[in-house]
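**Student:** Residue numbers for the sequence shown follow the working numbering, beginning at 999 and rising by one.
Quick one: structure below, then a few questions.
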Amino acid sequence: MVKKLSRKKIILIMLFLAIVMFQGCSSLSSLVRSNVEGVPVWVYEPQVGRDQMAFVGKGVGGTEGIARQDAIESVLNQLGTYIGEEIDESSVRQLATESRIERFNMRLTQEFSLRVRSQTEYYLLVVADKELLEQAKSDALQILEEQQARIDALERQAAAAFRGNRDLEAALNYFEAAMIASKIESDRGETQYKSFLIQIERILTRITMEFVRSDGSIPSATIMMRRGTGRLAPRVQKAPMIASFMAIDGVGNPYEDQESFFTNEEGQNTYSPGNPGLVGNGTLVFSIDLESALSAFELVDTDFVQRMRTIIMEKSISLNYQRISRLSSLGIVGAVMEYSLQGELLTSAYAHNTFLSYYAGNGVNIISAIQYADVDDDDFYDSIRQRFPQAQILVIGRVGISNTAITGEEHTVSVSGEISLIRMPAFTSIRSTGPVTAIGRGVSMEEATAKAFSQFGQIGASLLAWEFYR
């Protein structure tokens, strides 16, 4: 006698068969498709454990190497999209060279290539730890939230700075916000990024600078910065600025120097160079100083940075100057005397001529008194007092050879000494260079000596420049 199945059991059996048929059809479909296309079945239906996740990458290229690299990039793009962050370079190198990424316990388990006409198709199966991926996804989400919170804070700070007429402070906030937004892989990040760049350019485009007053004989200038061109345009406060000019270093070489300052609560500031090596005749160039932010942003958008630098350059203003020494009208005489290694007074005047030439080039006339050189200070002072009774300033220097050496065909001479400014007729000290040492090298001892004394004169002149122009 056959036992009949209950209605409930029949329904359960039919449901089970339906599930088996569905899964079987799916597997069968993948099997048929892979056979037709000549690729492994894992390309369409990778088999992994429940605690794993699979990524299948496909690459196409003219060579197998190019196609494989393309497939690796495909896997990394999928991985980055899944966890919500850009994959770092070390992980890229690991997968390309070691077929793994330790951070996600990721392993490259299958590879397959197929030649289709003139191209190679390359397939990779990469399996990773699901829990580690989910943790990375959670971490990336937290980072995204923190980035967005920082962007929101910077936007508020920028808006407050702009309302307070601190336009360039607002621009710096927008630069930082744009830097963060550029790292966010989403449409919102891209939209914010573009918006911040528009704000930066708008701020810089509206900035104007002008001289309130200037004096090219000091040189000195009071610069005002505004938002716009009208007389009632807001004055920009706490704006970083930079002054550029040419100067001479201690050994006579020209170089470009820069000094930074900020506008005050009135949107202006008075500036005078603090470098005593400032050339006598030249130009002061005043510019907006956002170079630190621009240099950092070059890694993000070179074209935008170049455009902003062009705007800043166009906003710059210049002051031509010719310095006039405060001592020039007092009458200045000078002598820088040179001594041999044995302490004998020499007839040469390399240091003396270099010193006088330095100041002549800067518009300061120093009358030479080298012909009255004397080893005795009192006798020298008497000669100066008698021959230059109207002079009020004396430059006196003494420098001697301290060491000589020969290395191969090169001669080296060291000299040391001091140069002082003296107020006449009392002959009281105003300022001194302190001990100065200079070294000269040449193919002969005479050449090395001349270079050493000349360098001493140059260094001494540079050290006393502050007293001439302060």
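A virtual CB, placed ideally from N, CA and C, is assigned to each residue, including glycine.
Quick one: is Gln1390 near chain B, going by C-beta distance under 8 angstroms?
**Tutor:** Chain labels in this structure do not include chain B; a single protein chain is all it has.
**Student:** Are Leu1123 and Leu1093 close, meaning C-beta to C-beta below 8 angstroms?
**Tutor:** No; because the gap between Cβ atoms is not below 8 angstroms, this pair is not in contact.
**Student:** Helix, strand or coil: which one does DSSP assign to Ala1016?
**Tutor:** Model confidence at Ala1016 stands at a pLDDT of 48, short of 50, so the residue's coordinates are unreliable; what they give is reported in the following sentence. It is helical.
**Student:** Assign Ser1258 to buried or exposed, taking buried as 16 or more other Cβ atoms, counted over all protein chains shown, within 10 Å of its Cβ.
**Tutor:** Counting Cβ neighbours within 10 Å, Ser1258 comes out exposed, since fewer than 16 surround it.
**Student:** Based on Cα-Cα distance, which residue from Tyr1337, Leu1343 and Val1393 lies nearest to Asn1363?
**Tutor:** Out of Tyr1337, Leu1343 and Val1393, Val1393 has the C-alpha closest to the C-alpha of Asn1363.
**Student:** Is Thr1261 buried or exposed, if buried means 16 or more other CB atoms sit within 10 Å of its CB?
**Tutor:** It is buried - the Cβ of Thr1261 has at least 16 other Cβ atoms within 10 Å.
**Student:** From the DSSP output, which residues share a beta bridge with Met1335?
**Tutor:** Answer is Arg1396.
**Student:** Per DSSP, what are the beta-bridge partners of Tyr1269 in this structure?
**Tutor:** BP columns for Tyr1269 point to Ala1219.
**Student:** Short check: CB of Trp1464 to CB of Pro1238, under 8 angstroms?
**Tutor:** The answer is no: Cβ separation not under 8 angstroms.
**Student:** On the three-state DSSP scale, how would you describe Phe1260?
**Tutor:** Strand at Phe1260.
**Student:** Enumerate in chain order the residues of its own chain whose CB-to-CB distance from Arg1307 is below 6 angstroms, with the five nearest sequence positions on each side excluded.
**Tutor:** Result list for Arg1307: empty, nothing under 6 angstroms.
**Student:** Please go through the same chain and pick out, in chain order, the residues whose beta-carbon is closer than 7 angstroms to the beta-carbon of Ile1149, but skip the five residues on each side of it.
**Tutor:** Within the same chain, Ile1149 has close Cβ partners Ala1175, Ile1178, Ala1179 and Gln1190.
**Student:** Residue range of the beta strand (DSSP E) that Met1104 falls in?
**Tutor:** From DSSP, the beta strand (DSSP E) with Met1104 extends over Met1104 to Val1114.
**Student:** Where do the ends of the alpha helix (DSSP H) carrying Met1207 lie?
**Tutor:** Taken as a continuous stretch (DSSP letters only), Met1207 belongs to no alpha helix (DSSP H), being part of the beta strand (DSSP E) at Ile1205 to Asp1213.
**Student:** Determine the direct distance from the alpha carbon of Ala1147 to that of Arg1186, and round the result to whole angstroms.
**Tutor:** Looking at the two C-alpha atoms, the distance is approximately 13 angstroms.
**Student:** Are the beta-carbon atoms belonging to Ile1141 and Phe1173 less than 8 angstroms from one another?
**Tutor:** Contact flag unset, no.
**Student:** On the criterion of 16 or more Cβ atoms from any shown chain inside 10 Å, does Val1373 qualify as buried, or is it exposed?
**Tutor:** Flag for Val1373 reads exposed.
**Student:** Are Ala1069 and Gly1055 closer than 8 angstroms when you measure CB to CB?
**Tutor:** A contact, by the Cβ cut-off of 8 angstroms.
**Student:** In terms of DSSP beta bridges, what is Ile1243 paired with?
**Tutor:** The identity of residue 1243 in the sequence shown is Phe, whereas the question assumes Ile. Looking at the DSSP assignment, Phe1243 forms a beta bridge with Asp1255.
**Student:** Could you tell me whether the stretch 1324-1333 touches the stretch 1443-1451, where touching means 3 or more Cβ pairs closer than 8 angstroms?
**Tutor:** Output reads no: the stretch 1443-1451 does not touch the stretch 1324-1333.
**Student:** Based on DSSP bridge pairs, tell me the residues matched to His1409.
**Tutor:** DSSP output for His1409 lists Ile1404 and Gly1440 as bridge partner(s).
**Student:** Can you tell me the Cα-Cα spacing of Pro1433 and Gln1388, whole angstroms?
**Tutor:** Taking the straight line joining both Cα atoms gives about 30 angstroms.
**Student:** Alpha carbon to alpha carbon, how far is Met1051 from Lys1181? Give it in angstroms, no decimals.
**Tutor:** The alpha-carbon atoms of Lys1181 and Met1051 are separated by roughly 26 angstroms.
**Student:** Hey, which unbroken runs of the alpha helix (DSSP H) at 4 residues or more fall wholly within the stretch 1285-1310?
**Tutor:** Counting whole runs of 4 or more residues, the stretch 1285-1310 contains the alpha helix (DSSP H) stretches 1289-1295.
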